[in-house]
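Residue 26 is where the sequence shown starts when you use the working numbering, and the numbers rise one by one after that. Right, one structure below, let's go through it.
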Amino acid sequence: MSISNQHDVLVIGSGAAGLSLALRLAANGPVAIVSKGLVNEGCTYYAQGGISAVLAEEDSFQSHIDDTMNAGAGLCDAESVRFTIEHGPENIHWLEQLGVPFTKESGPDGTRTLHLTREGGHSCRRVVHAADATGVALSNTLVNHVRQHASIDVYENHIAVDLITGAKQGLKHNRCVGAYILNKNTGHVKRFLAKTVVLATGGASKVYLYTTNPDCSTGDGIAMAWRAGCRVGNMEFNQFHPTCLYHPEAKSFLISEAVRGEGGKLLLPGGEPFMHRFDERAELAPRDIVARAIDHEMKRLGAECVYLDISHRSGAFIKSHFPTIYKRCLEYGFDITRNPIPVVPAAHYTCGGVLTDMHGHTDIEGLYAIGETAFTRLHGANRMASNSLLECLVFAESASNDILKTIGSARLEKAVAPWDESRVTDSDEEVVVTHNWDELRRFMWDYVGIVRSNKRLERAMRRVRMLQHEIHEYYSNFRISGDLIELRNLAQVSELIIHSAMARKESRGLHFSIDYPEVLSNKSATDTILVPDTTGKPAEKIEVVK
Ligand SMILES: Cc1cc2nc3c(=O)[nH]c(=O)nc-3n(C[C@H](O)[C@H](O)[C@H](O)COP(=O)(O)OP(=O)(O)OC[C@H]3O[C@@H](n4cnc5c(N)ncnc54)[C@H](O)[C@@H]3O)c2cc1C
């Protein structure tokens, strides 16, 4: 066991990215994993489909590369795509060795091999999975190994507040030397010092009112890195899943695309079908088109949701094809064999994030970012299904290899000021936090969601500035809480999304603006890179590099 709060490596986040990186490093020195909830609470646990990798004989790296580049609508970086895909198979084998119970099938000679499934956008069977709960299998296996490792300390219910950098501590050398972490059980903020810090905090889909993500996806890593001086990229590309169950208590329950595949019809609240007006493939159009059509109709009618009706199929068919959906909907009072299901689109994945290279390096020495929080240029303007867990694993591997090369010569910086609470008091009005949290997610949904316009983005920018002002005041005067930290980060990430969306004068991939409906030629397609200003200039001066 290491001395408390001093480690070689501090990993912030315990999803596929953070856990696998920690396991790869642990043999070489003490590692801390901090997780703001329970160790398995993150998107990884909820992943259903699987992990893409080229394993079938008839498949090829080139085919996976082509599919990924097609989905990315002209913005994927060829080097990043090739790097990720070529490292896929070795990462799947590593997981097999750890014992992840992937689904297998018997070959003609009786040997057991991985069962590969196929998903939208993939031109070959290449998705490794554990039935329809890959995330549970993956997360449980990684957590079991982490728990058994003597040199990994796991801190649950600990939330990172901010990174500690040399510049902010008045040190000569600007590198990341640790993070301030709030223990949610005791309410105390402590210094966690490390030679290397890794952000593996997942995405930011919680900025939207409706999301498929668990509560922890509040973009903390992106906001912390930005405040510390790192560039972020392509924050305008937020992927929405078209059909999530609409019910106040049914947070994040997806209604699979297979329901539409089996004849499910999308209906307006009055019972009228509408998809045929948007695409000749109607309900079978690609995800982003269906999500946009639903969003358009909800905004046009001021409707709270639309409906997905599969009740024309027999009860026996529905129960045997969609047992989980049937059961879950029934729990909320909807018998889908008789009635349509209320659905809304929901934020699903953050394609942008903290800018990194092929080894997870950010702009600050000693600070790495991996997984959904990073912007590796893999996904371009639209993520292909099952490429995100792959990215988590591949970049955890490459970052850990890089860390192992430098950790021997890196120094633990101890001249770090403690967290200063001398000027704050206990909050007297927690309602400010809950109110602002709700308001933010509502206007992000209405103005910066699936379909954007100049006017909506301007409105959203005005509101986010006002909220940031209030949050800053609250943050400066009151003792911090987990909710306040997340709200501050959500507001920061929202501002970055709005800036990026304003900077893109075209509609590409997941970003659609009614003021710029055209797609520019792929030759002039560029990433949106935001550059922070560390000299204290006002936020309006964020530099956009195209
Ligand atoms: C319903 C659903 C289904 C999906 N299905 C698939 C699929 O089939 N295939 C696929 O490839 N992808 C899928 N995805 C996407 C994929 O699951 C995620 O992109 C991936 O799991 C992200 O992993 P991660 O390690 O980056 O982050 P996460 O797994 O989200 O973990 C983030 C971690 O960071 C911690 N954290 C965050 N902020 C802080 C902080 N301030 N301090 C301390 N800890 C913090 C959280 O507590 C959590 O432990 C799905 C996503 C969802 C929501």
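Each residue gets a CB set at the ideal place from its N, CA and C atoms; glycine is no exception. A quick note: this is a predicted structure, and the numbers were derived from the prediction, not measured.
Consult DSSP for A131 and reduce its assignment to one of helix, strand or coil.
Checking the displayed sequence, the identity of residue 131 turns out to be Ser instead of Ala. Of the three classes helix, strand and coil, the one that applies to S131 here is strand, per DSSP.
Using the beta-carbon count (16 or more within 10 Å), is K530 buried or exposed?
By the 10 Å Cβ count, K530 comes out exposed.
Can you round the beta-carbon distance between S105 and M323 to whole angstroms, since I take them to be within the 8 angstroms contact cut?
Not quite, the Cβ-Cβ distance comes to about 35 angstroms (not below 8 angstroms), so this is no contact.
When you measure from the CB of V59 to every non-hydrogen atom of ligand 2, does any distance come out below 7 angstroms?
Although ligand 2 was asked about, the structure shown includes only ligand 1 as ligands.
Residue range of the alpha helix (DSSP H) that D91 falls in?
Where D91 is concerned, the enclosing alpha helix (DSSP H) stretches over 86-96.
Looking at the secondary structure, which residues open and close the beta strand (DSSP E) in which D382 lies?
Unbroken run through D382: none, as it is neither H nor E.
Exposed or buried, V36, counting other C-beta atoms within 10 Å across all chains shown (16 or more means buried)?
Buried.
So does the segment 391-399 actually touch the segment 153-166, counting three or more Cβ pairs closer than 8 angstroms?
The answer is no - the segment 153-166 does not touch the segment 391-399, with fewer than three Cβ pairs under 8 angstroms.
Would L333 and L279 qualify as a contact pair, given that the criterion is a beta-carbon distance under 8 angstroms?
No, these two residues do not count as a Cβ contact at 8 angstroms.
Provide the residue span of the alpha helix (DSSP H) that contains L403, from first to last.
It is not in any alpha helix (DSSP H) - L403 carries neither H nor E in the DSSP assignment.
What number of angstroms, rounded off, separates the C-alpha of G191 from the C-alpha of W444?
Each residue's Cα considered, the two are about 15 angstroms apart.
Measuring only from the beta carbon, is N53 closer than 7 angstroms to any heavy atom that is part of ligand 1?
Outside the cutoff, so no.
Return the bridge partner residues of C269 from the DSSP annotation.
Bridge partners of C269: L279, V369.
In angstroms with no decimal places, state the Cα-to-Cα distance between S39 and E305.
Each residue's alpha carbon lies about 43 angstroms from the other.
Return the residue from the list H154, Y235, A283 that minimises the CA-CA distance to T349.
That would be A283, whose Cα lies nearest to the Cα of T349.
Have a look at D360 and S88 and give me their C-alpha separation to the nearest angstrom.
Going from the Cα of D360 to the Cα of S88 covers about 42 angstroms.
Which word fits G340, buried or exposed, when buried means at least 16 other C-beta atoms lie within 10 angstroms of its C-beta?
Classification of G340: exposed, given that the 10 Å Cβ count is below 16.
Compute the minimum distance between the beta carbon of N412 and the heavy atoms of ligand 1, and state whether it is under 7 angstroms.
Answer for N412: yes, Cβ within range of ligand 1.
Once DSSP output is grouped into helix, strand and coil, what is the label at I110?
Looking at I110 - three-state DSSP - the assignment turns out to be helix.
Cβ atoms of S519 and V232: under 8 angstroms apart, would you say?
The answer is yes: Cβ separation under 8 angstroms.
How do the segment 124-135 and the segment 147-156 stand: do at least 3 beta-carbon pairs fall below 8 angstroms, yes or no?
Result yes; three or more Cβ-Cβ pairs closer than 8 angstroms.
Got a sec: does ligand 1 put a non-hydrogen atom nearer than 7 angstroms to the Cβ of H32?
Every heavy atom of ligand 1 is 7 angstroms or more from the Cβ of H32, so no.
Where does the unbroken alpha helix (DSSP H) through K352 begin, and where does it stop?
Taken as a continuous stretch (DSSP letters only), the alpha helix (DSSP H) holding K352 covers 348-356.
Would you identify the three-state DSSP class for G572, choosing helix, strand or coil?
Because the chain in this structure spans residues 26 to 571, residue 572 falls outside the shown range and cannot be described.
Just to confirm my understanding: we take E454, look at its own chain, exclude 5 residues before and 5 after, and list those with CB closer than 7 angstroms. What are they?
Excluding residues within five positions, none has a Cβ falling inside 7 angstroms.
Ordered along the chain, which non-local residues of its own chain (more than five positions away) have a Cβ less than 6 angstroms from that of D388?
These residues qualify, in order along the chain: C255, R256.
Look up L292 in the DSSP assignment and give the residues it is bridged to.
P298, Y332, per the DSSP bridge assignment.
Less than 8 angstroms between the CB atoms is what I'm expecting for V171 and I58, so what's the real figure, rounded?
Correct: roughly 7 angstroms between the Cβ atoms.
Report all residues from its chain with a CB closer than 6 angstroms to the CB of L44; omit the five preceding and five following residues, and keep chain order.
If we look at L44 and ignore the five residues flanking it on each side, its Cβ neighbours are L167, V171.
Return the first residue and the last residue of the beta strand (DSSP E) that Y205 is part of.
Note, Y205: beta strand (DSSP E), 201-208.
Taking all protein chains shown into account, decide if E422 is buried (16 or more other Cβ within 10 angstroms of its Cβ) or exposed.
Buried, because 16 or more other Cβ atoms sit within 10 Å of the Cβ of E422.
Output needed for E83: all residues of its chain with C-beta closer than 8 angstroms, excluding positions within five of it in sequence on either side, in chain order.
C149, listed in sequence order.
With a threshold of 7 angstroms (Cβ to nearest heavy atom), would H112 be considered close to ligand 1?
Not under cutoff, so the answer is no.
Based on Cα-Cα distance, which residue from A78, G433, V369, D540 lies nearest to Y235?
Per the Cα distances, V369.
Using beta-carbon positions only, say whether V222 and A250 come within less than 8 angstroms of one another.
No; because the gap between Cβ atoms is not below 8 angstroms, this pair is not in contact.
Starting from the C-beta of G54, find all residues in its chain whose C-beta is less than 6 angstroms away, skip the five residues before and the five after it, and write them out in chain order.
Within the same chain, G54 has close Cβ partners D33.
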